[in-house]
Amino acid sequence: MKRIYLDHSATTPVDLEVAALMMTYYTEKYGNPSSVHSFGREARQALEEARRQVAELIGATPQEITFTSGGTEADNLAIIGTAEAMSKKGKHLITSSVEHHAVLETCEFLAKNGFELTILPVDAEGIVSVEDVRMAIRPDTILISVMHANNEVGAIQPIVEIGQLAKEHSITFHVDAVQTLGKIPINVKDMNIDLLTVSSHKIYGPKGVGALYVRKGVRLAPRAHGGSQEKKRRSGTENTPGIIGFGKACELIGKRMDKEDARQIILRDKLMNGIIERIKYVKVNGPLGEKRLANNVNVSIRFVEGESLLLSLDMLGIAASSGSACTSGSLDPSHVLLAMGLVHEIAHGSLRFSLGSQNTEEEIDYVLEQLPKIVERLRMMSPLYDQAIHK
Ligand code: PLP
Numbered sequence: 001m002k003r004i005y006l007d008h009s010a011t012t013p014v015d016l017e018v019a020a021l022m023m024t025y026y027t028e029k030y031g032n033p034s035s036v037h038s039f040g041r042e043a044r045q046a047l048e049e050a051r052r053q054v055a056e057l058i059g060a061t062p063q064e065i066t067f068t069s070g071g072t073e074a075d076n077l078a079i080i081g082t083a084e085a086m087s088k089k090g091k092h093l094i095t096s097s098v099e100h101h102a103v104l105e106t107c108e109f110l111a112k113n114g115f116e117l118t119i120l121p122v123d124a125e126g127i128v129s130v131e132d133v134r135m136a137i138r139p140d141t142i143l144i145s146v147m148h149a150n151n152e153v154g155a156i157q158p159i160v161e162i163g164q165l166a167k168e169h170s171i172t173f174h175v176d177a178v179q180t181l182g183k184i185p186i187n188v189k190d191m192n193i194d195l196l197t198v199s200s201h202k203i204y205g206p207k208g209v210g211a212l213y214v215r216k217g218v219r220l221a222p223r224a225h226g227g228s229q230e231k232k233r234r235s236g237t238e239n240t241p242g243i244i245g246f247g248k249a250c251e252l253i254g255k256r257m258d259k260e261d262a263r264q265i266i267l268r269d270k271l272m273n274g275i276i277e278r279i280k281y282v283k284v285n286g287p288l289g290e291k292r293l294a295n296n297v298n299v300s301i302r303f304v305e306g307e308s309l310l311l312s313l314d315m316l317g318i319a320a321s322s323g324s325a326c327t328s329g330s331l332d333p334s335h336v337l338l339a340m341g342l343v344h345e346i347a348h349g350s351l352r353f354s355l356g357s358q359n360t361e362e363e364i365d366y367v368l369e370q371l372p373k374i375v376e377r378l379r380m381m382s383p384l385y386d387q388a389i390h391k
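Under the numbering used here, the first residue of the sequence shown carries the number 1, and numbering increases by one thereafter.
Encoded structure:
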């Protein structure tokens, strides 16, 4: 059976060129980058090249890049590191209701430990209002953390405007850009960003590697102690092959970003419009057009469960993801969809398709051929659907 992968916001396959380069640093050039001998020096050189490659993709200098074990660790380092470093100035944090759990739960952890938290609402498209940010700012605000684009509905936030506000009030501004790196041009200087989280496995690099951009001069306390790696911000022997792979992945995606973005917009719109045309009672979640990530389709299909849709698609080899958090052992619908005002019943029937560089038009045609049949079959078994159409 042919398998179709449409879950690139969860993770991506490692680029073959990236994997080949990494292999060299596992088996041949395996030195510890902190060692002074030639093995250590060749690993250090490659690690610093990776730092340059990551920095280049976001308009930073290599000295401003701290490697971590991924997006989650970078978010934790940014938020807790700022809270610790700045707590004498104030204890108020601002974030949004649609952040990834790595940000939301880290802020909530701090709120239980003496900090105050404002969680901003979003509009029906999942977008934060700049005016709400302005109104939430207090003299004791030390951090604003708002993501660049949402991982579930693809909503792109007004980062430039929020960055301007943060700058005017001398507040540290953190942006989780895990879903936008290599998809939307990022320039941390132009966008007034102080801290930026990125992750390798969403851009065809290896899993378990990420980075935090820390603007020169920004105060940040370390999370890991005991070594002097990464300017003492993140102690521990570096995941050298992983970091080198991440650097290469940044270089490769930077070269094809514009072309790939345009290609994916065509596929995205074909899939989204095709679903609306072929299936009744469907709602698109998130913004349309320029405020949406090029690779994101998120729809709520009424009278069916997202999990049942996922399983039926999986039986045909099609991999997508749903808006409910069943994988984490809870049946609660996504906090993002609820924050956008969706009622539980509709949020439960939601489905996310996220496109990647290997997807083709034929694959989209296949999904459009199969999905309506699956929905029809599931709706036939739904008493709610029966009631609704016979009303
Ligand atoms: N932030 C966002 C917006 C994400 O989508 C993800 C992963 O899905 C993360 C953070 C966590 O990144 P990682 O998987 O590298 O820990």
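For each residue, glycine too, the CB sits at the ideal point set by N, CA and C.
task: State the Cα-Cα distance for the pair H335 and Y25, rounded to the nearest angstrom.
output: Approximately 40 Å between the Cα atoms of the pair.
message: Any heavy atom of the ligand PLP closer than 6 Å to the beta-carbon of A83?
response: Here the distance from the Cβ of A83 to the nearest heavy atom of the ligand PLP is not below 6 Å.
field: Spatial distance of L310 from G163 (CA atoms)
entry: For the pair L310 and G163, the Cα-to-Cα distance works out to about 38 Å.
query: Can you give, in chain order, each stretch of the beta strand (DSSP E) that sits fully within the region 23 to 110 and has at least 3 residues?
result: Every beta strand (DSSP E) stretch that sits fully inside the region 23 to 110 and reaches 3 residues is listed by chain position as 65 to 68, 92 to 96.
message: If distances are taken between C-alpha atoms only, which option among P241, T360, E305 comes closest to M396?
response: This structure leaves residue 396 out entirely; the chain is present only between 1 and 391.
- request: With a 10 Å radius around its C-beta and 16 neighbouring C-beta atoms as the bar for buried, classify S96 as buried or exposed.
  value: Of the residues assessed, S96 falls on the buried side of the cut-off, its CB having 16 or more other CB atoms within 10 angstroms.
field: Per-residue DSSP class, three states only, for D403
entry: A question about residue 403 goes unanswered here, because the residues of the chain that appear run from 1 up to 391.
query: What are the start and end residues of each continuous beta strand (DSSP E) run of 3 or more residues lying completely inside the region 202 to 277, in chain order?
result: Counting whole runs of 3 or more residues, the region 202 to 277 contains the beta strand (DSSP E) stretches 210 to 214.
query: Just to check, is the beta-carbon of T27 closer than 6 Å to a non-hydrogen atom of the ligand PLP?
result: Checking the Cβ of T27 against the ligand PLP gives no.
task: Specify the secondary structure class of S328 as computed by DSSP and reduced to three states.
output: Because S328 sits at a pLDDT of 45, beneath the cut-off of 50, its placement in the model cannot be relied upon, and the following sentence gives the value as read from the coordinates. Helix.
message: Can you find the residues in the same chain that come closer than 6 Å, C-beta to C-beta, to V160, ignoring five residues on each side of it along the sequence?
response: If we look at V160 and ignore the five residues flanking it on each side, its Cβ neighbours are M191.
message: For K232 and R51, what's the separation of their Cα atoms in angstroms?
response: Rounded to the nearest whole angstrom, the CA to CA distance from K232 to R51 is 16 Å.
message: Can you give me the C-alpha to C-alpha distance between P185 and R292, rounded to a whole angstrom?
response: Near 14 Å, if we compare the C-alpha coordinates of R292 and P185.
- request: Given a cut-off of 7 Å, decide if E64 and K216 are closer than it, judged by their beta-carbon atoms.
  value: Taking 7 Å as the Cβ cut-off, K216 and E64 qualify as a contacting pair.
query: Mind checking E376: buried by the 16 CB within 10 Å criterion, or exposed?
result: Classification for E376: exposed.
task: Can you have a look at S328 and say buried or exposed, based on whether 16 or more other CB atoms are within 10 angstroms of its CB?
output: At S328 the pLDDT is 45, less than 50, meaning the model places this residue with poor confidence; the figure from the coordinates comes in the next sentence. Classification of S328: exposed, given that the 10 Å Cβ count is below 16.
- prompt: So, using beta-carbon positions, are V54 and A211 closer together than 7 Å?
  reply: Taking the C-beta atoms as reference points, A211 is found nearer than 7 Å to V54.
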